[in-house]
Each structure stands twice: as C-alpha cells, then as structure tokens.
Amino acid sequence: MSNKNIIEAKNLIFTYSDEPDALSGKITAAVNDISIDIERGSFTAIIGHNGSGKSTLAKLLSGVFIPGEGSVQVYRKGCDTPLDCSNEDHNFDIRKTVGMVFQNPDNQLVATIVEDDVAFAPENLGIEPSEIRKRVDAALETVGLTAFAGHDTHKLSGGQKQRVAIAGILAMNPECIIFDESTAMLDPQGRRDIMDTILSLREKGVTVVLITHYMNEAAMADKVVVVHEGKVAFSGTPKEVFGNKKMLSDCSLEPPQCAILLEKLSDLLGCGNPCAINTQEAVSVIEKALKEHGIMPEKGDNNA
Ligand code: ADP
Ligand code: MG
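The structure is reproduced here in structure tokens:
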C-alpha cells in the first residue's frame, strides 16, 4: 500500500545567505519552518505576496534545493519507501517524479523545433526512441499542440511556448507537477489555456501544485496554502481561505474579485455575508437576493 501523500515535507528551513540582513541585522530564512503534505491526485494552490517564500518552497518540494533543516520525502506510485530530498542519490528520481514549470516560458525551451524540445528531457533520461515518440505525441496532445509538432518554438506565442514547456515536463511522465507562476507572463487567453491544461492533467490523476497570484486560479484548487514571511500562515479549502478576510489582509492578499464585489453589494442586497469564490457563485447569490426582493421575475429554476 503506498502512501496517500505524494510529498511530505517537515519543518523545512532554507536560507540563501549566511550574511545578516542589512536592515534587521538578522539572518532571515526564505522558508522558515514549513511543514506541508501534498495529497496524491490533489490540486493544491500556494499563494502569498512577493518574497513570501513560494518559489523557494517549490524548489525544496521538487528537489531542486536541499533544505538546510527538515526533510522532504517523495512517495512514488506503488513504492512504500520514500525518496529523500537530502539524499543526493535520490535526486534524479525525485526530479523525474516531481516536475516543475517556471514563470518565463522563454527560459525553459532548449530546441528550435517544438517536438525536439519536448523530446529533450526524456532523451536525457536515456529512454528508448520509440517510447520517446509515444510520449512526445501524448504530451503534445494533452497541451493541444499536436498540429505544432514541427513548428519553430521561437515563432510561438507566450501561451504556446508555456504549453511546449509543460509538454516537455509531461514527457518525463511525472506524477506531480509544480507550476511556479506559470501563467504570470501570459495574456488572459494564454492563462485560460494553461488553466485548462492544468485541470485536464488533474483529471488524468497528475498531482498539481500551482503557485499563483491570480486568486481566481487558486479558487479552483482543492486546497489553498497561504505562505507569509517564510511560514504557512493558513491552509484550507478556497472557501475557508477566501472567507478569512483578517488573515488575507494580514498577509497583504485580497480575495478573488467576485468575492469583493459580493461583499460590497451584500448590505444593499441584504444577503448576509456569503463568500463567493467564483463568478458562478456570486451570480447565484445575487439572483436569489433579487428574487427575494421581488426585483427579478421568477423564471423557473434559473441558476445559470
Ligand atoms: P516568492 O516566490 O514568494 O516571491 P521567493 O521564494 O522567491 O519568494 O523569495 C523568498 C525570499 O528569499 C525573499 O526575501 C527573496 O528576496 C529571497 N531570495 C529569493 N531568491 C534568492 C536568491 N537567489 N538569493 C538570495 N535571496 C533570495
Ligand atoms: Mg516566486
């Protein structure tokens, strides 16, 4: 029986420099005693203001960084013995199990032709050419770029480049993918495409960790973890997180726009203080209140 969690991190501490901070005179840890479990097959969002420690945490969870203190254990499917991030011999297997997609798609592409780029990582893993072909085709299909296999990577849009980068990670068959602000440099359509890809990966059983500063993206996750000054300030369902206004404001964060809108309208609507984490929920609450006030004609069961 393998573990229900794919990643278990305990009491992680990571410091970039031994030099004391010029202002505070203290040595500040970028990640300062974080424990976090990532459940297999789940979709976890990590939010927090700039410099709160999200990227450092992501690099610790994916074996890119080794923690100064604490431990990260990665449980591969069907294996009872975890991989240990502090053990250099396990590093290669951890990188294969937990893939990472970064913010800037331009920094992640290595080849000029799309399919060569996607094949690059599995080639480096020494995988058979026929298996690589299958993986590249499957990965391009998942990200919706089958028709672009022979295209020049430099001529793609930002969103397409990011999807090539995701396909490159997928071709390694990771069990978990960490996206570090991977939609940040894209236009709204590019962002939606990446979110659709992320949701379809999750449908296929890939464990997803999404670091984002778009609260509407975080609202789609099963669990949201709020990082503040190198620590986990709060974690819970999107409703628990975005309903906790005091915690959000202490961490310099705001709930999604639709929740702000509903809050501003709630006195006027007399609808109490419900928390809407997406447009659909906000519309339902507003419609119900309007009907109760007799402002909106009843049109049968209209909750579209
Ligand atoms: P986030 O991703 O939430 O913006 P980071 O993990 O990048 O936060 O950064 C956490 C802290 O570590 C910040 O204070 C940042 O300035 C510092 N930091 C990040 N990268 C480096 C680095 N390469 N060298 C020194 N300090 C760094
Ligand atoms: Mg970051």
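Numbers 11 to 314, taken from this note's numbering, label the letters of the sequence shown in order.
Glycine is no exception: its CB is placed at the ideal position from the N, C-alpha and C atoms.
Quick caveat: nothing in here was measured; it's all calculated off a predicted structure.
Item checked: From E302, I104, I44, residue whose alpha carbon lies closest to that of K241 -> That would be I44, whose Cα lies nearest to the Cα of K241.
Notebook entry, point to check: What's the C-alpha gap between P248 and S140?
Noted result: Cα to Cα, the separation comes out at about 42 Å.
Next item on the list: Using alpha carbons as the reference points, say which of N60, N21, G58 lies closest to L70.
Entry: When each option's Cα is compared against that of L70, the closest is N21.
Note to self: Mapping the DSSP letters down to three states, classify A269 as helix, strand or coil.
What the structure shows: In this structure, DSSP gives A269 a helical state, which the three-state scheme calls helix.
Next item on the list: Locate the alpha helix (DSSP H) running through M225, then write down its first and last residues.
Entry: That run of the alpha helix (DSSP H) goes 225–228.
Margin query: Rounding to the nearest angstrom, what Cα-Cα distance links T54 and A68 in this structure?
Written below: C-alpha separation (whole angstroms): 12 Å.
Check: Quick one: what's got a C-beta closer than 6 Å to M11's C-beta in the same chain, skipping five residues either side?
Finding: Per-residue confidence for M11 stands at a pLDDT of 49, beneath the threshold of 50, marking its modelled position as unreliable; the derived number appears in the next sentence. Around M11: no qualifying Cβ.
Next item on the list: Note the first and the last residue of the continuous beta strand (DSSP E) segment covering N42.
Entry: For N42, the enclosing beta strand (DSSP E) has its first and last residue at 41–49.
Next item on the list: Kindly indicate which three-state DSSP category M182 falls into: helix, strand or coil?
Entry: Note: M182 maps to coil in three-state DSSP.
Notebook entry, point to check: Measuring CA to CA, which of E98, K165, I176 is closest to V146?
Noted result: Cα-wise, what sits closest to V146 is I176.
Margin query: Could you tell me the alpha carbon to alpha carbon distance between G51 and L279, rounded to whole angstroms?
Written below: Whole-angstrom Cα-Cα distance: 39 Å.
Item checked: First through last residue of the alpha helix (DSSP H) which encompasses E125 -> First-last of the alpha helix (DSSP H) with E125: 124–134.
Item checked: Between the CA atoms of V128 and V120 - distance to the nearest angstrom -> Their backbone Cα atoms lie some 9 Å apart in a straight line.
Checklist line | Coarse secondary structure for K81, derived from DSSP in three states | finding: Checking the sequence shown, residue 81 turns out to be Ser, not Lys. Three-state result, S81: strand.
Next item on the list: Within its chain, find whatever has a CB closer than 6 Å to the CB of R315; leave out the 5 residues flanking it on each side and keep chain order.
Entry: Because the chain spans 11 through 314 in this model, residue 315 falls outside it and cannot be assessed.
Item checked: Residues sharing a beta bridge with I17, DSSP -> In DSSP, I17 forms a bridge with I48, V84.
Margin query: Can you check which of these residues, V124, E138, P132, Q83, is closest to G154 by C-alpha distance?
Written below: Selected option, being the one with the closest Cα: V124.
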